[in-house]
Structure formats: C-alpha cells, structure tokens
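> Supplied in structure tokens, the structure appears directly below.
Residue numbers (the numbering used here): 8 to 990.
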C-alpha cells in the first residue's frame with residue numbers, strides 16, 4: 008500500500024513539528040481530564056521522535072533528566088535545610104535546573120560513559136539542547152515518580168502513533184531530522200558556544216525580569232533566540248510568526264464560538280500552537296509548490312514553541328512591541344556578552360596539563376607481524392609537539408629496564424610503556440594514550456630476547472616515521488630477521504632538538520650500550536633524491552654487523568655510496584630512495600590486477616565484502632588514514648608506481664587488499680581497497696585521487712546496495728566510492744567511513760568535493776521504486792542534485808525532490824558538512840532491484856553453492872525457476888522424509904548454516920530441488936518438492952530482518968492450492984507457498 012501523502016513536502020514532511028504538536032495535544036488532554044501538570048510541552052513529541060530515530064539517545068536523555076532532577080532538587084530543596092543557602096523558586100529554580108543539566112551532561116558524556124562503557128561512549132549521547140532541563144523541570148512539582156508517568160505516557164503515545172501510523176502509512180519522515188541531529192548532538196563536549204549563549208541569555212532574562220519587569224513567557228525564550236542572532240531571516244521569521252498567530256487567534260475569538268469559550272491557561276497555549284502549526288502547514292504547501300527544491304522550514308520561525316510562547320505573551324500584554332522589543336534586546340545582549348565570554352576564555356592559557364591522562368578506553372593492538380607492527384606504531388607518531396606545559400619524556404633508563412624485564416620473562420613487564428608480544432620472538436613497547444591530544448610522544452621499541460645478549464649491540468632509529476613510514480616497516484623486518492637487536496621508532500616527528508625527538512636517540516643509545524661499551528646506533532631514513540647513501544660518523548661503521556647490514560641492503564637496492572657523517576647524532580645514517588625501498592617490498596605477494604572494466608566485473612570484485620562487528624580502535628583508524636587513505640585520496644596527475652607499491656604493502660599489513668590499478672568502464676583507472684580480514688571499510692578510488700564527486704554508502708555490506716552504488720558511481724563519473732561495513736553507526740555509518748569521508752572531502756589543492764550519500768530503506772512519502780533526493784550545501788548543491796537525478800533517470804529509476812530538513816540545526820549541519828554540496832538519496836527495495844546487475848554477475852555471488860545453484864529466468868519470474876527445478880527432479884526418488892520447507896525457511900530467514908547443510912543433504916537424496924533466483928523483488932530461494940499428494944513450491948526471500956527487506960512486501964505462511972505449478976506464479980511472486988497437482 009502506497010503511503011498517504013498527507014504532509015506538504017519541501018521539508019515540512021521531514022520536520023519534527025508534527026510529533027511536537029501531537030505531544031502538546033495529548034498532554035493537554037491529560038491535563039483537562041486528570042489534572043496533570045502542563046509543563047515541558049516540547050518533551051513528549053521531541054523525545055518520541057528521538058526514540059524513533061535512536062532509542063539509545065532517548066535512554067540517555069531520560070537518564071540525564073533523572074540525574075538533573077536529583078542534583079537540582081538536592082541543591083534547591085535539601086541544601087537550604089542546612090542553613091547554608093535559601094530555597095529557590097520560579098525563574099531562579101529553572102535557571103538552577105538548566106545549570107544542573109549542563110553539569111550532568113558533562114559528567115555523563117564526558118566521564119561516566121567513557122570510563123564505564125568505553126565502547127558505547129561514541130554511540131550513546133543525548134539529543135536536544137533543552138529537552139533534559141525541560142523534562143527535569145516537569146517533574147519538580149509532582150515529584151520524580153509522578154513526573155516520569157506524566158511525561159512518559161504522552162511520550163509513549165506519540166511514539167506509538169509515529170511507529171504504527173504516521174511513519175509507515177503517511178509521507179511523514181524523520182530521515183532528515185536524523186541526519187541533521189546525529190553528529191551535531193554527539194559533538195556536545197566540543198561545542199560549548201551554544202551553552203555559553205544559553206546560560207548567558209537565561210541569566211540576563213532573569214535579571215531583566217527582576218529589575219525591569221520584562222516578561223518573555225520563560226527565561227529560555229530570549230536565551231534560545233540568542234542562538235540565531237546572526238541569522239536575521241530566522242530571527243525575523245520568529246517575530247513575524249508570533250504576530251501572525253496573535254492576529255489569527257484574535258480573529259477566531261472575535262468571529263467564532265471560541266470567543267464564548269474559556270480559552271485561558273493551557274487552552275490558550277494549545278489554541279495558539281495549533282494555529283501556528285496550521286499556518287506552517289499552509290505556508291509549506293504554498294511556498295513548497297512555488298519554490299521547488301527550497302528549504303521551506305528554514306524560512307519559518309526558530310524552534311517549535313518559541314513563536315507560540317511569544318504570541319501568548321503578546322496576547323496577554325495586548326502589545327507586540329512590549330514583548331518583542333525587550334526579547335530582541337536581551338537576545339542580542341546575550342549574544343554579545345556570550346561571545347565576549349567565549350573570546351576571553353579562548354585568550355586564557357588553557358594548554359593541557361603535563362600530567363598523563365588516565366586510560367579508560369580499550370587500547371588498540373598492533374598487528375602480530377613485527378614488520379606490520381612497526382609500520383602501525385610509526386603511524387601513531389605526533390607531527391607537532393604536545394601543547395602541555397613542559398611534558399617530559401619517559402627516561403631512557405626506565406625504557407631499558409622495561410625492555411630487559413620483557414626479554415627476561417614471558418610475564419608482563421611492568422613499566423611506563425605498554426607491552427605486546429608479537430610473532431617471531433619480537434615484543435613491542437609503546438606509549439599508551441587516551442586520545443591523540445593526550446599523547447606525549449614517547450618513542451616505541453621493538454626488540455627480541457636474543458638481542459639483549461652479551462656483545463656489542465646494533466640499534467636502529469626511525470626518526471621520521473610519518474614522513475617515511477616504510478622505514479619503520481623495514482626496521483621491523485630487520486629486527487625480526489636478527490640483523491639488528493632493537494629498533495626505536497620516534498613518537499614525535501619534527502625538530503631534532505625537541506625533547507621527545509632527542510629522547511628517541513637517547514633510548515637508542517641506552518639500548519645499544521653494554522656496560523661501558525657503546526654499541527652502534529643506525530638511523531634509517533628516506534633519501535631526498537633518487538640516490539641513496541651511507542653516512543658514517545668516526546668509526547661507527549667499522550663493526551662487522553653494521554657492515555653486514557649495509558651489504559644486505561645493497562643486494563636489494565644497489566650500491567650505496569659512503570660519506571662522512573655529522574659530528575653529532577647517530578653513528579650511521581642509511582638513506583634509501585623511495586624506489587630502492589619499493590624494491591625491498593616488491594617481493595611481497597600481491598594480487599593480480601582484477602578486471603573492473605564493467606559494473607558487473609567491479610561488483611564481482613566486491614562480492615566478498617561483508618559486514619563486520621569488529622570495531623576499529625583509535626590507533627587502527629590513524630594508521631589507516633596516514634598509511635593508506637591519504638596517499639590514495641590525494642589528487643595527483645603524475646604516475647606514482649613506487650608509492651603504489653608502498654601503499655599496497657601498508658594496506659596488506661593493516662588487513663586490507665589494494666587491487667589494481669585496473670581500467671574502469673569510463674576509460675579511467677582505479678584501485679579497489681577491500682578487506683582481507685574482517686575490517687570496517689572498503690573503497691574504489693581513481694588513480695588520480697579524489698578531486699570531485701564522492702559516493703558514500705554508510706551500510707555497504709548488502710549486495711543490492713553495492714550494485715546500486717557501483718552503477719551510480721560510474722554514472723556520475725565519481726572519483727571514489729566509500730563503503731561502510733560496520734553494523735550500526737547511525738545514518739552516517741561507522742567511524743571508519745566517517746574517517747574516510749573526512750580525508751576524501753578535506754580542502755586540499757586541486758579538489759572541489761561533492762558528496763552523494765546513498766541509503767537503503769523505505770521513504771514513506773514516495774511510491775515504491777521512486778528515489779527521494781535531498782540536497783544541502785553551497786552553490787554547487789543544485790547542479791549536483793540535478794546530475795544525480797539525471798544519472799538515476801538514465802539508469803531507469805524515477806526520482807522526487809525532497810530537501811533535507813536541517814531546520815534549526817543548520818549551524819550544526821554547517822559545522823559537519825561545511826558548504827560542501829551534499830545529496831542524500833534513499834533507495835527502497837524496488838529501486839535497488841531496478842539498479843541490480845545482470846545474472847552473469849549474480850551467478851558468482853557467494854549465496855550460491857552446488858546444492859543451491861543460481862537460476863537464470865526471464866525477467867526474474869520465480870515460476871520459471873520453479874518449473875526448471877521440477878523438471879530437474881528424476882523419477883523414482885523418494886519424497887523428502889523431513890520438513891524441507893522448514894529447512895528452507897531457516898536457511899533464509901535465520902541464515903542458519905546448519906539448516907543450509909541439512910537442506911543440501913535432503914536435496915541430494917530426495918525428490919526436492921532448490922535454487923537461488925534474482926527475482927523482480929530481490930533474491931529468493933525457490934524450493935520445489937514432490938510427494939504422494941503432488942508438488943509443493945515456495946519462494947522465500949533472503950534475510951527478511953535485514954534492512955534490505957521490504958516490510959511492505961506480502962508474506963503468507965499458508966499454502967495456496969493450484970492445478971499446476973504454472974498457476975502458482977502470483978503466489979510465488981508474493982513470497983508464498985503453493986501446492987499443485989501437476990508440474
């Protein structure tokens with residue numbers, strides 16, 4: 008059934024105004040009927056929308072409201088009983104609640120979640136600027152228990168209306184609200200400006216009310232309006248909307264029976280808000296048709312109830328200037344004072360402390376291969392000094408002591424550095440850190456137990472691991488081969504006179520020394536030109552092991568000229584050109600470039616890409632960025648054969664495969680980056696890097712979605728296709744995809760980024776098979792949207808304009824996307840089927856097995872597949888002795904490997920056959936069995952619980968009778984079960 012197009016488009020159909028109205032009306036009904044408190048009116052509708060988008064955020068909102076109530080109650084009610092303070096009332100009480108809510112949110116999201124639920128800290132956060140204090144304030148008069156009931160029941164009712172009625176059966180959608188709020192809300196701890204303005208505005212409003220008698224219908228009204236002082240259209244629309252509400256209400260009260268009714272208290276507010284909603288509805292209907300593609304919600308007043316609250320106060324005072332002018336004055340004053348406070352705070356020295364931060368997150372683990380581990384840890388080095396006041400490196404003696412303890416025993420060697428045992432007897436010591444900003448820059452050490460034996464020791468130093476990461480990998484290889492005894496990899500790359508840069512050489516000297524006998528310290532660097540060399544200071548190169556190391560390198564790189572080294576620094580400096588280092592890694596296994604010359608061929612290369620539950624650590628993401636993503640995504644016009652070799656080796660050591668370069672269908676060439684082990688990301692990127700359009704698929708682990716993304720990418724001529732492979736992560740995907748987005752869209756020379764986001768799901772406001780296109784960004788958004796629509800049209804898919812409803816969160820969205828043109832497209836099951844690739848590619852899918860072959864049918868007709876299967880059943884085979892239909896259902900619906908194996912055994916020994924068909928509605932398992940009563944045929948969709956499954960598709964578990972299998976066509980197309988007397 009097609010959804011009812013009840014709400015006007017152009018943004019209103021994606022606004023949260025409707026849920027808020029429902030919440031206000033339901034709360035008012037309970038107030039009129041049961042005398043419940045009429046407060047926190049925006050909470051039920053807004054909170055219901057939050058629960059509909061992400062229940063985790065809703066739970067955090069509720070928990071923070073409870074904590075806020077407890078804290079403010081303790082300060083405002085219980086503390087005065089000690090005689091230290093006095094009780095708070097009215098506006099002072101609400102200001103206390105607002106301040107308490109900010110303290111609670113800082114504690115919960117800044118301390119409690121990261122400490123006790125580190126995995127959830129990035130996914131669980133509250134949404135809404137004032138929802139928490141409003142919910143806590145609603146509980147003040149009634150007490151916590153009654154307050155939770157009186158706020159919770161309306162919220163639950165609105166939630167049920169959204170989930171059961173409005174979202175599935177009308178064109179109301181919260182998709183734009185989700186995209187706009189998700190990352191903005193999660194950046195609370197890094198975005199204090201809004202809260203500075205909020206607190207400043209609330210304090211000034213309370214003071215103006217006491218000193219001058221100014222009344223704004225709540226101290227939050229001018230405080231919230233201070234957030235849009237720099238947006239005169241939004242601010243002016245709020246005031247105009249308030250005046251329009253008053254005028255319409257006055258006309259209704261004067262000319263209708265409402266004038267004889269008691270319209271006071273909650274009734275007046277409900278009436279005014281209903282008028283406001285109706286006015287917005289009409290405005291969106293008219294302007295949306297006149298300005299297709301415009302963001303109509305952006306032309307409406309700020310917030311949901313602010314114009315209504317102003318209108319109610321204007322009606323009470325009988326004068327618009329007496330309300331609007333003081334409100335504007337306090338709002339502008341709050342903005343000026345809040346900005347001044349923020350600027351002054353920024354001028355104060357707030358450099359981080361030199362104390363090392365406590366580690367509350369799970370630390371990332373380096374790859375077990377020493378070569379890969381050295382590469383990984385080198386990518387974590389700082390490129391700038393720590394900003395703290397006088398941080399000091401770990402003493403070289405402490406590092407040597409921990410290395411000796413680790414070499415002497417397999418037990419954990421306590422010390423300032425984190426110990427990890429690697430393969431081939433190598434162990435790694437590195438600095439643990441809570442965040443990249445908290446890292447000091449201590450060097451990392453790779454060593455072996457045998458390397459601590461008696462004798463002169465040789466220690467490698469990698470002092471430029473970020474600029475030349477391959478030198479760290481080579482150092483790890485040499486340690487594992489026993490050619491050197493240890494390798495010290497700098498934790499900070501930069502000035503050699505900086506404390507942490509000097510610490511790298513000091514640790515290396517301490518490790519190479521044996522008593523009073525100094526060892527040899529060798530620095531491994533990338534040469535600036537095409538010619539390498541070996542620089543020797545004094546007799547530093549006379550040791551036999553040093554000479555043997557140089558000779559071993561020369562066998563792969565060619566002769567390395569000798570030169571005199573500097574008076575200070577390492578004993579030996581080996582500089583290898585990029586081409587020579589590439590030769591050292593050229594012997595590593597690498598995949599033959601695959602064919603990606605057609606969409607089907609590219610899809611086949613990505614067929615093995617699957618979802619993963621593995622979460623990339625902070626260290627993994629930084630290594631992926633520096634070693635793989637930045638080299639691949641950087642715009643380049645010149646061939647980079649040596650760099651490609653090194654990036655391919657780096658990708659392999661991080662658990663990925665870098666395939667290509669291979670020709671594309673449009674004549675260019677591209678690389679394919681895909682996981683070789685469970686990893687959260689895959690990509691296709693042109694060999695010239697990213698200069699323009701980027702296609703992003705937050706959940707790219709479904710075959711149909713990848714098919715569509717590949718065709719859209721090639722149709723747009725995009726430079727990159729980014730596939731998120733992490734479960735969850737919200738509408739923007741997981742952390743790995745967000746990282747790739749940041750790297751690919753960063754402002755660099757030669758790049759003008761455009762983003763096309765592809766979502767798999769149902770947009771209730773469109774007909775099946777019609778793709779909703781929403782746009783955001785600067786001047787390039789309309790050309791990008793037009794190009795996307797024309798590309799989809801050329802691929803045989805209809806589109807409809809549906810601008811993103813960023814509404815009052817425009818500033819937050821701009822902080823997230825900037826002015827980068829962005830287009831978001833939602834593809835339902837029918838659209839994905841229309842964009843699916845041909846049967847030759849489908850037959851290679853991993854769903855197929857010898858027992859479940861892929862069946863090619865005309866136009867995806869499932870009945871054709873059933874007929875082929877029936878004809879393939881030999882005479883004389885016994886009927887299945889188990890419920891083969893149940894096995895088929897478990898194989899598809901539960902993705903049960905055991906059931907699939909049992910089904911394969913039954914199919915090989917009885918009168919039953921099955922196959923996989925790419926039908927009109929998607930991928931199906933078609934089953935045909937013969938018994939003494941005739942024939943049974945069934946069509947079962949794969950994984951109906953997955954996001955790719957369309958809940959509107961008919962499903963019927965009962966058996967339909969028919970004369971022949973050919974008569975079962977409609978039943979099979981409806982994913983049903985049919986019994987026929989003849990084939």
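Idealized CB from N, CA, C, for every residue including glycine.
Under 8 Å, Cβ to Cβ, is there at least one residue of chain D near residue 630?
Reference to chain D is not applicable here, since this structure consists of a single protein chain.
> Could you have a look at residue 760 and say whether DSSP puts it in helix, strand or coil?
Coil, per DSSP.
> Relative to the alpha-carbon of residue 175, which residue among 775, 838, 972 and 895 has its alpha-carbon at the smallest distance?
The shortest C-alpha separation from residue 175 is found at 775.
> Between the alpha carbons of residue 642 and residue 480, how many angstroms are there, rounded?
Roughly 25 Å separates the two Cα atoms.
> Would you say residue 654 and residue 639 are within 8 Å of each other, going by their C-beta atoms?
Taking 8 Å as the Cβ cut-off, residue 654 and residue 639 qualify as a contacting pair.
> Please list, in chain order, all residues of the same chain as residue 803 whose beta carbon is under 6 Å from its beta carbon, the five residues on each side excluded.
These residues qualify, in order along the chain: 841.
> What does the alpha-carbon distance come out to for the pair residue 945 and residue 912?
In a straight line, the C-alpha of residue 945 is about 18 Å away from that of residue 912.
> Taking the CB atoms as reference points, tell me whether residue 510 and residue 544 lie closer together than 8 Å.
It is not a contact, given that the beta carbons lie outside the stated cut-off.
> Quick one, are the C-beta atoms of residue 610 and residue 714 less than 8 Å apart?
It is a contact, given that the beta carbons lie within the stated cut-off.
> Can you tell me the Cα-Cα spacing of residue 570 and residue 576, whole angstroms?
In a straight line, the C-alpha of residue 570 is about 15 Å away from that of residue 576.
> Excluding the 5 residues preceding and the 5 following residue 390 in the sequence, name in chain order all residues of the same chain whose CB lies nearer than 6 Å to its CB.
Result list for residue 390: 473 and 500, in chain order.
> Using a Cβ-Cβ cutoff of less than 7 Å, which residues in the same chain neighbour residue 740 once the five nearest sequence positions on both sides are dropped?
Only 705, 706, 731 and 733 meet the Cβ criterion.
> Does the Cβ-Cβ distance between residue 672 and residue 680 come in under 8 Å?
Against a cut-off of 8 Å, the Cβ pair of residue 680 and residue 672 comes out as no contact.
> Report all residues from its chain with a CB closer than 6 Å to the CB of residue 4; omit the five preceding and five following residues, and keep chain order.
Outside the displayed range of the chain (8 to 990) lies residue 4, so it cannot be described from this structure.
> As a quick exercise: from 586, 382, 374 and 942, pick the residue whose alpha carbon is nearest that of residue 877.
Residue 877 has its Cα closest to that of 942, out of 586, 382, 374 and 942.
> Please go through the same chain and pick out, in chain order, the residues whose beta-carbon is closer than 7 Å to the beta-carbon of residue 649, but skip the five residues on each side of it.
Excluding residues within five positions, the ones whose Cβ falls inside 7 Å are 585, 586 and 589.
> So the alpha helix (DSSP H) residue 507 belongs to, where does it begin and stop?
From DSSP, the alpha helix (DSSP H) with residue 507 extends over 506-519.
> Check this for me: beta carbons of residue 469 and residue 377, under 8 Å apart or not?
No; because the gap between Cβ atoms is not below 8 Å, this pair is not in contact.
> What's the C-alpha gap between residue 57 and residue 28?
About 15 Å.
> How is residue 427 classed by DSSP in three states: helix, strand or coil?
The answer is strand: DSSP assigns residue 427 an E or B state.
> Which of helix, strand or coil does DSSP assign to residue 20?
Of the three classes helix, strand and coil, the one that applies to residue 20 here is helix, per DSSP.
> Is it true that the segment 311-318 meets the segment 239-247, where meeting means three or more beta-carbon pairs spaced less than 8 Å apart?
Yes, since at least three Cβ pairs between the segment 311-318 and the segment 239-247 fall closer than 8 Å, the two stretches touch.
> Where does residue 828 sit, in a helix, a strand or coil, going by DSSP?
Residue 828 falls in the coil class under three-state DSSP.
> Using the rule of at least 16 other Cβ atoms within 10 Å of the residue's Cβ for burial, across every protein chain shown, is residue 153 buried or exposed?
Exposed, since its Cβ has fewer than 16 Cβ neighbours within 10 Å.
> Looking at the secondary structure, which residues open and close the beta strand (DSSP E) in which residue 53 lies?
Where residue 53 is concerned, there is no enclosing beta strand (DSSP E), although the alpha helix (DSSP H) it sits in stretches over 49-60.
> Using beta-carbon positions only, say whether residue 413 and residue 426 come within less than 8 Å of one another.
Cβ distance < 8 Å, so residue 413 and residue 426 count as in contact.
> With a 10 Å radius around its C-beta and 16 neighbouring C-beta atoms as the bar for buried, classify residue 351 as buried or exposed.
Classification for residue 351: exposed.
> Assuming residue 308 and residue 204 make a contact with CB atoms under 8 Å, what is their CB distance in whole Å?
No, residue 308 and residue 204 are not in contact; Cβ-Cβ is about 18 Å, not under 8 Å.
> Please state if the CB of residue 335 and the CB of residue 208 are separated by a distance shorter than 8 Å.
No, the pair does not count as a contact, with Cβ atoms beyond the cut-off.
> Quick one: what's residue 383 bridged to in DSSP?
Its beta-bridge partners do not exist; DSSP assigns none.
> Look at the Cβ atom of residue 403, then the Cβ atom of residue 514, and state whether they are nearer than 8 Å.
Cβ distance < 8 Å, so residue 403 and residue 514 count as in contact.
> So, does the segment 254-265 touch the segment 153-173, judging by three or more C-beta pairs under 8 Å?
Short answer: they don't touch.
> Can you check whether the CB of residue 844 is closer than 8 Å to the CB of residue 767?
No, these two residues do not count as a Cβ contact at 8 Å.
> With three or more beta-carbon pairs closer than 8 Å as the criterion, would you say the segment 60-74 touches the segment 138-157?
Yes, since at least three Cβ pairs between the segment 60-74 and the segment 138-157 fall closer than 8 Å, the two stretches touch.
> DSSP three-state call for residue 942: helix, strand or coil?
Note: residue 942 maps to strand in three-state DSSP.
> List the residues that DSSP assigns as beta-bridge partners of residue 936.
DSSP lists 919 and 943 as partners of residue 936.
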